[in-house]
């Protein structure tokens, strides 16, 4: 049940702020090494990608962080629906002349010199909208089939369809997975969650079966050595990079895989570069920070009496957990490769800006436990 909260609040959760600071700094440090050679080769500037990440990711993200930290989170309830429509509008624009197609995918928008990925903005808008929708005290969204479960499936399905057309299958899994966890946390009936899960699994299974490149990823996961030079190339190079790091790593900035062998060393393969240079100890420390951050967000959510704030934190925690698990798990050979970036670490200004903005909201919410 929604609760009226004091505008004042108490001190924010400094431990949460410390974890966010650690991940952000770690991301810039790891990116500086992973991008140095490719930056030098492409732009004759070893720090090109790092500068770009700082300017369009960190700078914009810090603006979003402090804005979200300053504004009382309850205000977002009023604009959640309009913000979702805005995000969906941007998502649809990728199929217009404003969209940019690269590598067979239409995932970016370009307005003049500004290029960004609208799917990242949809992650934020979907979490806010679902939190406001499920916490509406006038409606029994979580338990009623017609006013809760069916609309939840309809909205999720529409967003999923737009993302699949790009195509961005991994983003669909992450977003709908986080939405499902939020829906379950709001007090939904188990049969509804079970039904939604079966529907999503069946739909994704059918999509994978009828699209050869998606099916190839699944078959490569079960037999990565069958086609080392093509479908199995990235996973084998990732495993080689992670394995060559050993316990302590070969040294910061000394990765050989990032230069010639590893695809997307600054994107979805950046964890393999970090593991090669920093070893099991460094990779383990990074995994630990992610784990503690997710746990801390759930812990803060548990201490809230306001359902809207609880669901925002649950959604943010689920987003980080699923995306980091899919990235590091895929590169380590525990699940199929998806191409999903590592939160706070991989190159991508839109993603970093959105995650820092969500972090600002989380820190703001922590003042009202």
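In my numbering, the protein residues as written are 5 to 373.
Built from N, CA and C at the ideal position, the CB exists for glycine as well.
| Item | Value |
| --- | --- |
| Is the stretch 43 to 55 in contact with the stretch 80 to 99, if contact means three or more CB pairs nearer than 8 Å? | no |
| To the nearest angstrom, how far is the alpha carbon of residue 15 from that of residue 285? | 33 Å |
| First and last residue of the alpha helix (DSSP H) that includes residue 114? | First-last for residue 114: 109 to 115, but that is the beta strand (DSSP E), not the alpha helix (DSSP H). |
| Determine the closest residue to residue 258 out of 13, 39 and 26, with distance taken between C-alpha atoms. | 39 |
| In this structure, how does DSSP classify residue 338 when only helix, strand and coil are distinguished? | coil |
| Can you list, in chain order, the residues of its chain whose CB lies under 7 Å from that of residue 114, leaving out five sequence neighbours each side? | 102 and 104 |
| Per DSSP, what kind of secondary structure is residue 106 in: helix, strand or coil? | strand |
| Which residues does DSSP pair with residue 119 in a beta bridge? | 114 |
| Starting from the C-beta of residue 75, find all residues in its chain whose C-beta is less than 8 Å away, skip the five residues before and the five after it, and write them out in chain order. | 368 |
| To the nearest angstrom, how far is it from the Cα of residue 223 to the Cα of residue 206? | 18 Å |
| What three-state label does DSSP hand residue 344 in the structure shown? | coil |
| Hey, residue 24 and residue 297: beta-carbon distance below 9 Å or not? | yes |
| Look at the alpha carbon of residue 89 and the alpha carbon of residue 158, and state the distance between them as a whole number of angstroms. | 14 Å |
| Please give me, in chain order, every unbroken run of the beta strand (DSSP E) with length at least 3 that falls completely inside the stretch 61 to 110. | 103 to 106 |
| Should residue 331 go down as buried or exposed, given a rule of 16 or more other Cβ atoms within 10 Å for buried? | buried |
| Between which residues of its own chain and residue 96 is the CB-CB distance below 7 Å, once the five residues before and five after are set aside? | 166 |
| Are the stretch 228 to 241 and the stretch 301 to 319 in contact at 8 Å, needing three or more beta carbon pairs? | no |
| Let me check understanding here. Comparing Cα to Cα, which of 372, 353 and 371 lies closest to residue 65? | 353 |
| Taking the alpha carbon of residue 219 as the point to measure from, which residue in 341, 291 and 288 has its own alpha carbon closest? | 341 |
| Quick one, are the C-beta atoms of residue 225 and residue 169 less than 9 Å apart? | no |
| Smallest Cα separation from residue 321: which of 175, 339, 277 and 366? | 366 |
| Is it true that the CB of residue 301 sits closer than 9 Å to the CB of residue 327? | no |
| Taking 8 Å as the threshold, find out whether the stretch 115 to 130 comes into contact with the stretch 172 to 190 through three or more Cβ pairs. | yes |
| Please report the straight-line C-alpha distance between residue 267 and residue 152, rounded to a whole angstrom. | 43 Å |
| Would you call the stretch 241 to 252 in contact with the stretch 271 to 287, where contact means no fewer than 3 C-beta pairs closer than 8 Å? | yes |
| For residue 318, tell me which candidate among 339, 132, 67 and 27 has the shortest Cα-Cα distance. | 132 |
| From 120, 140 and 171, pick the residue whose C-alpha is nearest to that of residue 108; which is it? | 171 |
| Looking only at its chain, what residues have a beta carbon closer than 7 Å to the beta carbon of residue 69, apart from the 5 residues adjacent to it on each side? | 360, 361, 363 and 364 |
| Just tell me which of 280, 58 and 42 has its CA closest to the CA of residue 264. | 42 |
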